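Under the UniProt record's numbering, the residues of the sequence shown are numbered 1 to 244, in order.
Where a beta carbon is used, it is the ideal one built from N, C-alpha and C, also for glycine.
Predicted model only: the values in this text are computed from it and were never measured.
Have a look at the structure below, then the notes.
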Amino acid sequence: MGKDKARSPEVQEIKVLLNGSIVGKVKPERGLRQGDPISPSLFILAVETLSRLLIDKERKGLIKGFKIGRHGPVVHHLMFANDIMLFGQASLKEAKAFQDCIATYCECSGWKAKLLSSVGRACLIKSVGSTLSNYIASFDVIPTSTTNKIDKAFGVIWWGDTEEKRVLHCVAWEKFCKPKTHGGLGFRTTEATNQAFLMKWAWKFMTGEASLWKHVMEAKYLKNHNFLDLESQKIGLHTLEGDS
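This is how it looks when you write it as structure tokens:
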């Protein structure tokens with residue numbers, strides 16, 4: 001890797017091993033592409049950098065993660081295949097430490113969202129961004145202020161905004177969230193995802209006669225009232241909404 005400019009790793013030569021001995025060499029001419037058998041090995045070598053960055057932050061006390069038992073090891077990240085899970089305390093200090101690690105890793109690996117095509121950006125938003133929103137909304141209500149920030153971040157990814165340069169957003173994000181048959185791109189607003197999961201919980205409450213969750217919620221919060229007669233109110237981790 002050069003001193004002046006970070007470059008993506010390049011494979012100059014592939015050695016073929018048989019019973020631990022080199023029996024041949026292959027010089028790739030077209031580089032590694034997605035689906036190449038050696039891609040997972042290259043990913044493991046590259047992601048080791050991210051792992052070491054996180055460990056360094058933990059040693060400096062910037063990331064605490066969580067301990068498995070009083071005398072157990074500290075866990076702040078787990079990796080499986082091409083996925084990674086980060087664990088930390090809900091603080092701005094720790095979130096910034098994670099962000100710094102990821103930013104450094106992206107810079108060293110040469111990965112930048114602004115280099116993606118429109119198809120690649122759409123795939124990134126749907127497969128990564130929307131999936132995270134779905135996961136959170138499946139068990140908790142996302143505040144409206146947060147849903148607006150998430151959708152704004154999606155817009156930044158789509159238009160390719162950077163800290164140095166902001167691109168003019170010629171189309172409102174809501175139009176992108178329309179179905180493709182109506183001129184949109186099939187994205188979903190985070191608020192729509194929020195409402196969909198709320199309706200799922202409401203449907204489960206009204207139809208899940210054998211559900212333990214329903215009996216607990218009914219005994220603790222409804223107290224012989226009709227679910228559809230309730231006004232919107234915050235109760236614990238969820239918000240029950242009904243027609244007033």
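- Item | Reference serine 145; option with closest CA among Arg121, Thr190, Gly208 | Relative to the Cα of serine 145, the nearest Cα in the group Arg121, Thr190, Gly208 belongs to Thr190.
- Separation of asparagine 224 from leucine 86, as counted between CA atoms: If you take the alpha carbons of leucine 86 and asparagine 224, they lie about 43 Å apart.
- Straight-line gap, phenylalanine 98 to isoleucine 63 (C-alpha atoms, nearest Å): So the alpha carbons of these two residues sit roughly 8 Å apart.
- Query: With which residues is serine 211 paired in a DSSP beta bridge?
  - Reply: None, per the DSSP bridge assignment.
- Task: Decide yes or no for the touch test of the stretch 65 to 75 against the stretch 116 to 130: beta carbon pairs closer than 8 Å, at least 3 of them.
- Result: Contact fails: fewer than three Cβ-Cβ distances are below 8 Å.
- For the beta strand (DSSP E) that contains phenylalanine 80, what are its first and last residues? Start and end: 77 to 80.
- Could you check which residue in Ile55, Ala210, Val16, Ala202 has the C-alpha nearest to that of asparagine 226? It is Ala202.
- Message: Whether or not the stretch 206 to 216 and the stretch 177 to 188 are in contact is what I'm after, with contact meaning three or more pairs of Cβ atoms, one per stretch, closer than 8 Å; do they touch?
- Response: Segments in contact, no.
- Query: Just how far apart, CA to CA, sit glycine 24 and cysteine 108?
  - Reply: The alpha-carbon atoms of glycine 24 and cysteine 108 are separated by roughly 31 Å.
- Query: Should arginine 7 go down as buried or exposed, given a rule of 16 or more other Cβ atoms within 10 Å for buried?
  - Reply: Per-residue confidence for arginine 7 stands at a pLDDT of 49, beneath the threshold of 50, marking its modelled position as unreliable; the derived number appears in the next sentence. Around the Cβ of arginine 7, a 10 Å sphere holds fewer than 16 other Cβ atoms; the residue is exposed.
- Task: Just mark lysine 57 as buried or exposed, buried being the case when its beta carbon has 16 or more other beta carbons within 10 Å.
- Result: Flag for lysine 57 reads buried.
- Please state whether DSSP places isoleucine 125 in a helix, a strand or coil. Isoleucine 125 falls in the helix class under three-state DSSP.
- Message: Let's test the definition: count the other Cβ atoms within 10 Å of the Cβ of glycine 88 and tell me whether it reaches 16, buried, or not, exposed.
- Response: With 16 or more other Cβ atoms within 10 Å, it is buried.
- Alpha carbon to alpha carbon, what distance is there between tryptophan 213 and alanine 219? Distance from the CA atom of alanine 219 to the CA atom of tryptophan 213, rounded to whole angstroms, is 10 Å.
- Query: For alanine 153, which residues of its own chain have a beta-carbon under 8 Å away from its beta-carbon, when the five flanking residues on both sides are left out?
  - Reply: The answer, listed in chain order, is Gly129.
- Query: In this structure, what does DSSP give as the bridge partners for serine 21?
  - Reply: Per DSSP, Leu18.
- Item | Residues sharing a beta bridge with isoleucine 84, DSSP | Beta-bridge pairing by DSSP links isoleucine 84 to Met79.
- Message: Checking 9 Å against the spacing of the C-beta atoms, do phenylalanine 197 and asparagine 134 come in under that value?
- Response: Between phenylalanine 197 and asparagine 134, the gap from beta carbon to beta carbon is short of 9 Å.
- Query: Where does leucine 54 land, buried or exposed, given buried means 16+ other C-beta within 10 angstroms?
  - Reply: Per the 10 Å Cβ criterion, buried.
- Message: Can you tell me where the alpha helix (DSSP H) holding glutamate 107 begins and where it ends?
- Response: Its alpha helix (DSSP H) spans residues 92 to 109.
- Message: Taking the beta carbon of histidine 77 as the centre, do at least 16 other beta carbons fall within 10 Å, making it buried, or is it exposed?
- Response: By the C-beta density criterion, histidine 77 is buried, having at least 16 other C-beta atoms within 10 angstroms.
- Roughly how many angstroms separate the alpha carbons of tyrosine 221 and threonine 193, rounded to a whole number? Those two C-alpha atoms are separated by around 25 Å.
- Taking the CB atoms as reference points, tell me whether tyrosine 105 and threonine 162 lie closer together than 9 Å. No.
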